[in-house]
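First comes the structure, then the notes that go with it.
2 protein chains.
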Amino acid sequence: MTHRRPPVPVAQTPPQGVQRASTHGAPPHSPRRPRLSDVAALAGVDTSVVSRALNADPKLLVRPETRQRILDAASALGYRPNAVARSLRRSTSGVYGLAIPSFSNPIYAEIISGAERAATSVGKHLLSSSFTDAKPESLVEVLGSGRIDGLIVAGTTPAMDVLLDGTGEPWLYLNRRSPGRPRHVVLDDEGAARLATTHLLRLGHERIGHVAGPEVADTATRRRSGFLAALRDAGMRAAARDIAVADYTSAGGAEAIGRLLATSRDLTAVFVANVASAVGVLFGADRAGLSVPGDLSVIAIHDLPMAEYLIPPLTTVRMPLFELGRRGVDILASQPATADVDEVVSEPMEIVARASTAPPPRVGAGRGLATRR
Amino acid sequence: MTHRRPPVPVAQTPPQGVQRASTHGAPPHSPRRPRLSDVAALAGVDTSVVSRALNADPKLLVRPETRQRILDAASALGYRPNAVARSLRRSTSGVYGLAIPSFSNPIYAEIISGAERAATSVGKHLLSSSFTDAKPESLVEVLGSGRIDGLIVAGTTPAMDVLLDGTGEPWLYLNRRSPGRPRHVVLDDEGAARLATTHLLRLGHERIGHVAGPEVADTATRRRSGFLAALRDAGMRAAARDIAVADYTSAGGAEAIGRLLATSRDLTAVFVANVASAVGVLFGADRAGLSVPGDLSVIAIHDLPMAEYLIPPLTTVRMPLFELGRRGVDILASQPATADVDEVVSEPMEIVARASTAPPPRVGAGRGLATRR
DNA sequence: CTGAAAGCGCTTACAG
DNA sequence: CTGAAAGCGCTTACAG
Chain A
1 MTHRRPPVPV AQTPPQGVQR ASTHGAPPHS PRRPRLSDVA ALAGVDTSVV
51 SRALNADPKL LVRPETRQRI LDAASALGYR PNAVARSLRR STSGVYGLAI
101 PSFSNPIYAE IISGAERAAT SVGKHLLSSS FTDAKPESLV EVLGSGRIDG
151 LIVAGTTPAM DVLLDGTGEP WLYLNRRSPG RPRHVVLDDE GAARLATTHL
201 LRLGHERIGH VAGPEVADTA TRRRSGFLAA LRDAGMRAAA RDIAVADYTS
251 AGGAEAIGRL LATSRDLTAV FVANVASAVG VLFGADRAGL SVPGDLSVIA
301 IHDLPMAEYL IPPLTTVRMP LFELGRRGVD ILASQPATAD VDEVVSEPME
351 IVARASTAPP PRVGAGRGLA TRR
Chain B
1001 MTHRRPPVPV AQTPPQGVQR ASTHGAPPHS PRRPRLSDVA ALAGVDTSVV
1051 SRALNADPKL LVRPETRQRI LDAASALGYR PNAVARSLRR STSGVYGLAI
1101 PSFSNPIYAE IISGAERAAT SVGKHLLSSS FTDAKPESLV EVLGSGRIDG
1151 LIVAGTTPAM DVLLDGTGEP WLYLNRRSPG RPRHVVLDDE GAARLATTHL
1201 LRLGHERIGH VAGPEVADTA TRRRSGFLAA LRDAGMRAAA RDIAVADYTS
1251 AGGAEAIGRL LATSRDLTAV FVANVASAVG VLFGADRAGL SVPGDLSVIA
1301 IHDLPMAEYL IPPLTTVRMP LFELGRRGVD ILASQPATAD VDEVVSEPME
1351 IVARASTAPP PRVGAGRGLA TRR
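As you go down the protein sequences, you meet chains A and B in turn. Following my numbering, the numbering of the first sequence begins with 1 at its first residue and continues without gaps. Following my numbering, the numbering of the second sequence begins with 1001 at its first residue and continues without gaps.
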């Protein structure tokens, strides 16, 4: 029987009772959880044979009837191996960890989903945690504690690659580059931004603004670069006032589009760095009396189930987030902790064209600039 | 794994090599992870003393200088206790698990956040997992494996309370009632629905519809009850055709409001079972040519950061989700696995009044039925 | 074919 | 004040 004690912090020690009363002669109908030795006793064999039989060790030569006796005994007792003991012995836990800043950003949902799928397919568990409360050191501590076999860190956080390296265990940044030795898988955010911007250019837009993500986010930097590069390739350039920095939230997006419209009144389209901001942009445009896409086209990075039901439905660039999570786990499982990893997920990104983008208003038609001035 | 064998007592002191070894060719020599015995050897004391010193065992009487030597040795070696060995010995892992159907539903983000906070404050970790891929049995297996000290199950899933009970470990349903012996903490979904409906009644609405959640969801049932009860209290009743069952998604919400408007043309308000559906309802109303709230008021359960930036901003009932997660962990930590738990989170719910609700259109004014068909 | 033994890295009652 | 010893529940090389 497992002893339930009051939760204690690391330092402790109420002088609790003995773990288990006596060494031998466990009561037959004890509520104690069955162990390997209970199965062995019931089957009349050694624990080592039980272990190998239950683990289907191919090197175990055992009489079919003995094997059956073992399996019967295990199921009669409801035996479930103690994963902790196994982990200690094998020095591998069968668990990968994934850490993100917060679960409230919906893009992580898809990443986790891909990571869980990959973990399942390599026979591991994936357990996730946010570190809003926990300091980065606590993540390092978990990775170094033997509890998990590897850690994926997604999203913007204080850099901790050096600390993580100190554990000797494999870890990986997802969609964020590691400053020191390369240990990351990223999406082609620059390409996605190019794709989005090019979509607007092809529709005929010539004055395109950008609602950017926060400066600290690596993804924001790459998306801004892609935006600028696409304009450059088209022989255009963006003025500094055509870019408003926001923070990947709806509130920030609403505020940023307000600034943009105030300073760059002739914009006919805006490329928004993420979908949450874009919700705010749609709102801000509406509040400013602009019709989307009649007066202003809006496109954003990342798709969401909800995007299709915004007013108007939002054109987005769908990114291979699921695949990103999957690759993360695959690499953890297949590459040594010391290997350099610098990979871009190759799955295609695609424009999900919805109603928020359209050709620019013809000059002189519709609201026209007058509306804004 | 050669690193397990060599008991060579070489004067190994160098703290972990943390340098960015340019791993080209020769794999960098990864020093074996320091164990308790390494610290003991360096400090010149027994492992048992080290253990007690590092764990700040109050019963340990040790000379200050010895204690300091131990702490110095531990930090010189970069010693990090092996949590697996500790778990095996203490038969407690210091980890709680939380399982949900999917991370893509944003309400879980807040629940997880509360649960993580509570776990931190009782000195435990909280690790989360979805079981979209994994079968319920795999959850049971994790709970029964000694890896975690308790499990919280949130959201609609196949019932597995009997299986969970079989592990002897504590578990808890969150916002979902257990069919057998009570082991759940819920929100007052019925009260929230009453609150929302009453809000509409107070605005003067007399024809109120309901976009419900899926029949299988316990929360959906409770919200529908609250809706009906509030109407009843006001001396009204809802016809069956005033309720459209959806599935907690935007797509379902859009579809449901379409059905509702087709059959109950005189509705002036709709109570939507969750916020994702409400996004679809706003969309569907707009598509049907109705203005919100001019023609139709919309209110939904659960608040979201995005709700404020929908068009129009959505009136919601904010639920104490954070507190729900927190209570879950608190109970896991404080109640025995055998205790009955049947609790409603007592923190207040509140109406977040935004622009999607208003008094009903005056008869003869506004769109009128003609607009609809 | 099956068993005995060592040991994974800790913690803790007990002895001195 | 500090150490020796047992043991948490497994796995696995080795022996018979």
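Just so it is clear, CB atoms sit at the ideal spot from N, CA and C, and this is done for glycine as well.
Assign residue i to one of two classes, buried (16 or more other C-beta atoms within 10 Å of its C-beta) or exposed (fewer than that).
i, result
"Ser1104 of chain B", "buried"
"Arg69 of chain A", "buried"
"Lys1124 of chain B", "buried"
"Ala1074 of chain B", "buried"
"Pro34 of chain A", "buried"
"Arg1423 of chain B", "This structure cannot speak to residue 1423 of chain B, because chain B is shown only from 1001 to 1373."
"Arg86 of chain A", "buried"
"Asn55 of chain A", "exposed"
"Gly1144 of chain B", "buried"
"Leu1061 of chain B", "exposed"
"Arg1063 of chain B", "exposed"
"Arg1262 of chain B", "Reading off the sequence, residue 1262 of chain B comes out as Ala, not Arg. Under this definition Ala1262 of chain B is an exposed residue."
"Gly1328 of chain B", "buried"
"Val49 of chain A", "buried"
Against chain A, with Cβ distances strictly below 8 Å, would residue i count as a contact?
i, result
"Val1322 of chain B", "In the sequence as displayed, the identity of residue 1322 of chain B is Phe instead of Val. Phe1322 of chain B does not count as touching chain A."
"Met1306 of chain B", "yes"
"Leu1151 of chain B", "no"
"His1199 of chain B", "no"
"Asn1274 of chain B", "no"
"Ala1021 of chain B", "Residue placement at Ala1021 of chain B is flagged as unreliable, the pLDDT there being 31, under the threshold of 50; the coordinate-derived value follows with that caveat. Yes, contact with chain A."
"His1125 of chain B", "yes"
"Pro1106 of chain B", "yes"
"Glu1255 of chain B", "no"
"Ala1109 of chain B", "yes"
"Ala1026 of chain B", "Any reading at Ala1026 of chain B must be qualified, since the residue scores a pLDDT of 31, below 50, and its modelled position is unreliable; the value itself is stated next. Chain A, which has no Cβ nearer than 8 Å to the Cβ of Ala1026 of chain B, makes this no."
"Val1049 of chain B", "no"
"Arg1080 of chain B", "yes"
"Ser1128 of chain B", "yes"
"Gly1155 of chain B", "no"
"Ile1331 of chain B", "no"
"Gly1280 of chain B", "yes"
"Ser1087 of chain B", "yes"
"Gly1166 of chain B", "yes"
I'd like the list of long-range same chain contacts for residue i, defined as Cβ closer than 6 Å, with 5 residues on each side in sequence excluded.
i, result
"Ser1130 of chain B", "Ile1100, Ser1102, Phe1103"
"His210 of chain A", "Phe227, Ile243, Phe271"
"Tyr79 of chain A", "Pro34, Val39"
"Ser178 of chain A", "Asp161, His184"
"Gly1168 of chain B", "none"
"Ala353 of chain A", "Thr315"
"Pro1170 of chain B", "Gly1150, Leu1332, Ala1337"
"Ala269 of chain A", "Leu200, His205, Ile208, Ser297"
"Glu1110 of chain B", "Leu1321, Phe1322"
Can you list, in chain order, the residues of its chain with a C-beta nearer than 7 Å to that of residue i? Leave out the 5 residues immediately preceding and following it.
i, result
"Ala1234 of chain B", "Leu1201"
"Val1279 of chain B", "Ser1250, Gly1253, Leu1310"
"Val1292 of chain B", "Leu1282, Ala1285, Val1298, Pro1312, Ser1356"
"Arg194 of chain A", "Gly226, Ala229, Ala230"
"Ser1051 of chain B", "Leu1036"
Listing by chain order, which chain B residues have their CB less than 7 Å from the CB of residue i?
i, result
"Ala83 of chain A", "Ser1145, Gly1146, Arg1147"
In the DSSP assignment, what are the bridge partners of residue i?
i, result
"Thr315 of chain A", "A:Ile299"
"Ser130 of chain A", "A:Ile100"
"Ala196 of chain A", "In DSSP, Ala196 of chain A forms no bridge with anything."
"Glu1343 of chain B", "B:Val1185"
"Ala1212 of chain B", "B:Val1245"
"Phe271 of chain A", "A:His210, A:Ile299"
"Pro1154 of chain B", "As written in the sequence, residue 1154 of chain B is Ala, which differs from the Pro given in the question. DSSP, once it has assigned bridges, lists B:Leu1174 as partnering Ala1154 of chain B."
"Val1095 of chain B", "B:His1125"
"Val50 of chain A", "Looking at the DSSP assignment, Val50 of chain A forms no beta bridge with any residue, so it has no partner."
"Glu1323 of chain B", "In the DSSP output, where bridge partners are listed per residue, Glu1323 of chain B has none listed."
"Ile1351 of chain B", "B:Val1317"
Run through chain A and tell me which residues come within less than 8 Å of residue i, C-beta to C-beta.
i, result
"Thr1249 of chain B", "Pro305"
"Arg1112 of chain B", "As written in the sequence, residue 1112 of chain B is Ile, which differs from the Arg given in the question. Result: Phe103, Ser130."
Verify the CB distance criterion: does residue i have a CB-CB separation below 8 Å to chain B?
i, result
"Glu375 of chain A", "The structure shown does not extend to residue 375 of chain A, since chain A is modelled only from 1 to 373, so the question has no answer here."
Near residue i, which residues of its chain fall below 8 Å by C-beta distance, leaving aside the five closest residues on each side in sequence?
i, result
"Arg1389 of chain B", "There is no way to answer for residue 1389 of chain B, as the model of chain B reaches only from 1001 to 1373."
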